[in-house]
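Peer 1: Residue numbers (my numbering), protein chains in the order written: chain A, 31 to 264; chain B, 692 to 983. One structure coming up, written as structure tokens, with questions to follow.
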């Protein structure tokens with residue numbers, strides 16, 4: 031389990047996260063929602079090791095991983111799919127996938143590759159094509175597939191809905207929800223699109239200006255109209 | 692017409708060597724986004740080491756091995772000692788720092804081996820093949836050069852496209868953040884990029900030395916040619932570096948043949964300017980635009 035305690039991050043004078051604490055339990059989706067600039071991406075990037083926290087602690091399976099490098103964090107089993115469909119267009123689909131988890135054994139990687147192609151059949155059909163030939167939704171699948179190739183216990187999904195058609199977003203998020211339930215994967219999902227995110231999530235956390243203003247069962251958060259007006263702007 | 696064929700043949704071996712030099716520049720650019728203006732000074736230094744080994748042992752192969760090993764090591768040393776500390780502060784500072792390395796290496800070489808040109812004898816005959824009662828400007832040594840370059844480029848292609856390390860290096864070049872998030876130790880890939888570039892440059896140095904004389908500044912003119920080829924090729928394209936390296940060699944040979952060899956660097960610079968005016972991103976590039 032991934033535990034975040036009193037995490038604060040700042041960029042110069044701007045404090046992006048102020049004392050955030052939360053838990054990401056296995057087998058379910060935990061959704062962090064909030065408006066633009068709430069600190070959602072900072073949270074994800076810090077967990078993945080891309081940003082160094084000012085204070086606070088991140089523990090994973092009782093190991094302190096605060097401030098570790100991204101390449102070490104992912105090797106421990108925490109994989110981030112960053113915002114904006116993080117595929118490498120100059121590589122083929124299969125190369126993008128094979129990039130994930132190079133430190134793992136040949137057998138482990140083959141199993142993960144087969145699994146990625148089963149989960150996302152379209153990637154299998156296009157395995158030798160350049161990733162630049164994929165549509166937005168396919169690229170997001172590829173980005174998730176690459177993260178899964180690292181054999182993660184925790185999957186961090188940063189704004190997967192960005193720029194995608196609603197139907198595709200629903201498909202991808204439902205798939206992620208099923209994956210969490212079936213394989214015990216812990217998913218931390220960050221979204222501006224609260225409705226869809228809270229539908230697949232078990233727990234919802236509302237982030238505003240770097241602070242957690244509310245957390246609870248996803249359904250409750252989804253029905254809290256006041257909260258929606260105040261922090262999510264609809 | 693026979694003139695043209697002569698000049699063309701004469702340009703092949705220098706073309707493939709320039710291709711190697713351009714390749715070394717591209718390898719460094721891809722790994723650290725730094726143009727290493729000291730690349731050929733490193734090659735000059737390792738070629739002097741090779742010449743020393745050759746004089747001591749009399750073996751060209753041992754000399755080549757010494758050049759390759761010292762090329763790898765020198766690439767890594769320059770990266771750790773100069774580029775990494777400077778780049779932490781400023782990327783353009785790192786590019787300027789490579790000029791510093793160039794000047795330092797040429798000065799050291801002058802102190803150790805002297806400033807005069809030295810002959811680096813070819814391992815096999817460097818007089819042209821005689822076919823049909825005529826001596827053509829293509830020698831057994833030229834053939835050795837071409838074969839060596841082809842083997843090296845093929846080997847690099849296989850490493851880059853068929854192995855995990857190659858994939859990790861390419862990914863680190865295209866998108867270091869995604870590579871790190873995938874578990875690639877990108878900083879090691881950068882070191883590897885400098886090491887391989889040093890290796891490739893060392894091969895180019897040993898191959899080109901018998902075609903010219905070896906002195907601390909002997910390879911300066913090749914820097915102009917290699918830089919031109921690398922930039923026209925797109926600076927991050929290995930294919931572009933090889934194609935335009937050979938092209939540059941042929942153009943230079945034709946210019947030298949029909950006019951005078953002192954015009955060659957000028958023509959290279961003209962090519963570079965024309966390229967920057969009309970296709971600044973390079974011909975084989977992955978990126979849409981590069982500011983000039």
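Cβ atoms here follow ideal geometry from the backbone N, Cα and C, with glycine treated the same way. The model shown is predicted, which means the values in this text are computed figures rather than measured ones.
Take residue 250/A and list the residues in its own chain whose beta-carbon comes closer than 6 Å to its own, dropping the five residues that flank it on each side.
Peer 2: Nothing listed; no residue qualifies.
Peer 1: What's the gap between the Cα of residue 76/A and the Cα of residue 67/A?
Peer 2: If I take the Cα positions, the gap works out to 15 Å.
Peer 1: So residue 216/A is in the beta strand (DSSP E); what residue range does that whole segment cover?
Peer 2: Here the beta strand (DSSP E) through residue 216/A covers 216–221.
Peer 1: So, under 8 Å CB-CB, residue 65/A and residue 261/A are touching, yes? Tell me the CB distance rounded to an integer number of Å.
Peer 2: Contact holds; Cβ gap of about 6 Å.
Peer 1: Hey, how far is the Cα of residue 104/A from the Cα of residue 127/A?
Peer 2: Spanning the two alpha carbons is a distance of roughly 15 Å.
Peer 1: The alpha helix (DSSP H) with residue 774/B in it runs from where to where?
Peer 2: Note, residue 774/B: premise wrong, no alpha helix (DSSP H); not H, not E.
Peer 1: Which residues in the same chain as residue 979/B place their Cβ atom closer than 6 Å to its Cβ, once the five residues preceding and following it in sequence are excluded?
Peer 2: Bear in mind that the predicted position of residue 979/B carries a pLDDT of just 47, short of 50, making it too unreliable to give a figure here.
Peer 1: Could you give the distance in angstroms between the alpha-carbon of residue 708/B and the alpha-carbon of residue 135/A?
Peer 2: The straight-line gap from Cα to Cα measures roughly 39 Å.
Peer 1: Between which two residues does the alpha helix (DSSP H) holding residue 820/B run?
Peer 2: Per DSSP, residue 820/B belongs to no alpha helix (DSSP H) and is neither H nor E.
Peer 1: For the alpha helix (DSSP H) containing residue 698/B, list its first residue and its last residue.
Peer 2: Segment 693–723, the alpha helix (DSSP H) holding residue 698/B.
Peer 1: Any beta-carbon of chain A closer than 8 Å to the one on residue 865/B?
Peer 2: Yes, residue 865/B lies at the interface with chain A (some Cβ there is under 8 Å from its Cβ).
Peer 1: Starting from residue 247/A, trace the beta strand (DSSP E) in both directions and tell me its first and last residue.
Peer 2: 241–247 is the extent of the beta strand (DSSP E) around residue 247/A.
Peer 1: Just by C-beta distance, which residues in the stretch 870–893 of chain B are closer than 8 Å to chain D?
Peer 2: Checking the listed chains, one finds no chain D in this structure; the protein chains it contains are A and B.
Peer 1: From the DSSP output, in three-state form, read off residue 929/B for me.
Peer 2: Looking at residue 929/B - three-state DSSP - the assignment turns out to be helix.
Peer 1: Got a sec? Which residues, its chain only, sit under 6 Å from residue 252/A by beta carbon, not counting five neighbours each side?
Peer 2: Answer for residue 252/A: 228, listed in chain order.
Peer 1: Between residue 267/A and residue 235/A, which are expected to be in contact by the criterion C-beta below 8 Å, what is the C-beta distance as a whole number of angstroms?
Peer 2: Since the first and last residues shown for chain A are 31 and 264, residue 267/A lies out of range.
Peer 1: Should residue 138/A go down as buried or exposed, given a rule of 16 or more other Cβ atoms within 10 Å for buried?
Peer 2: The residue is exposed, with fewer than 16 neighbouring Cβ atoms inside 10 Å.
Peer 1: Taking C-alpha atoms, which residue in 246/A, 182/A, 188/A lies nearest to residue 57/A?
Peer 2: With distances taken between Cα atoms, residue 57/A lies closest to 182/A.
Peer 1: If you run the structure through DSSP and keep just helix, strand and coil, what is residue 165/A?
Peer 2: Coil at residue 165/A, not helix or strand.
Peer 1: With H, G and I counted as helix, E and B as strand and the rest as coil, what does DSSP make of residue 825/B?
Peer 2: Reduced to three states, the DSSP call for residue 825/B is strand.
Peer 1: Strictly under 8 Å for the Cβ-Cβ distance: is residue 130/A near chain B by that measure?
Peer 2: Chain B, which has a Cβ nearer than 8 Å to the Cβ of residue 130/A, makes this yes.
Peer 1: Can you find a C-beta in chain B that's less than 8 Å from the C-beta of residue 165/A?
Peer 2: No - not a single Cβ of chain B is within 8 Å of the one on residue 165/A.
Peer 1: Exposed or buried, what is residue 798/B when buried is set at 16 or more other beta-carbons lying within 10 Å of its beta-carbon?
Peer 2: Residue 798/B comes out exposed.
Peer 1: Should residue 230/A and residue 203/A be called a contact, given that it needs their Cβ atoms to be closer than 8 Å?
Peer 2: Their beta carbons are under 8 Å apart, which means residue 230/A touches residue 203/A by this criterion.
Peer 1: What in chain A is Cβ-close to residue 853/B, meaning under 7 Å?
Peer 2: Here the premise fails: no neighbours, minimum Cβ distance about 11 Å.
Peer 1: Whose Cβ in chain B lies nearer than 8 Å to the Cβ of residue 121/A?
Peer 2: Per Cβ cutoff of 8 Å: 858, 861, 862, 865.
Peer 1: Assuming contact is defined by CB atoms lying nearer than 8 Å, are residue 118/A and residue 771/B in contact in what I supplied?
Peer 2: Cβ atoms of residue 118/A and residue 771/B: not closer than 8 Å.
Peer 1: For residue 193/A, would you say it is in contact with chain B, using Cβ-to-Cβ distances shorter than 8 Å as the test?
Peer 2: Cβ-Cβ to chain B under 8 Å: no for residue 193/A.
Peer 1: From residue 945/B to residue 173/A, what distance separates their C-alpha atoms?
Peer 2: Residue 945/B and residue 173/A: Cα-Cα distance of roughly 50 Å.
Peer 1: My output table needs one value for residue 809/B: the three-state DSSP class, helix, strand or coil.
Peer 2: Reduced to three states, the DSSP call for residue 809/B is strand.
Peer 1: Please report the distance separating the alpha-carbon of residue 715/B from that of residue 897/B.
Peer 2: If I take the Cα positions, the gap works out to 14 Å.
Peer 1: Report the option in 751/B, 749/B, 807/B, 753/B whose CA atom is closest to the CA atom of residue 907/B.
Peer 2: The residue with the shortest Cα to Cα distance from residue 907/B is 807/B.
Peer 1: With the cut-off set at 8 Å, would you say residue 154/A and residue 142/A are in Cβ contact?
Peer 2: Not a contact, by the Cβ cut-off of 8 Å.
Peer 1: If I'm right that residue 793/B touches residue 728/B with Cβ under 8 Å, what's the distance once you round it to whole angstroms?
Peer 2: Confirmed, about 5 Å.
Peer 1: Which partner residues of residue 33/A appear in the DSSP bridge assignment?
Peer 2: In the DSSP output, where bridge partners are listed per residue, residue 33/A has 53/A, 89/A.
Peer 1: Specify, as a first and last residue, the run of the beta strand (DSSP E) that residue 63/A falls within.
Peer 2: Run containing residue 63/A: 59–63, per the beta strand (DSSP E) assignment.
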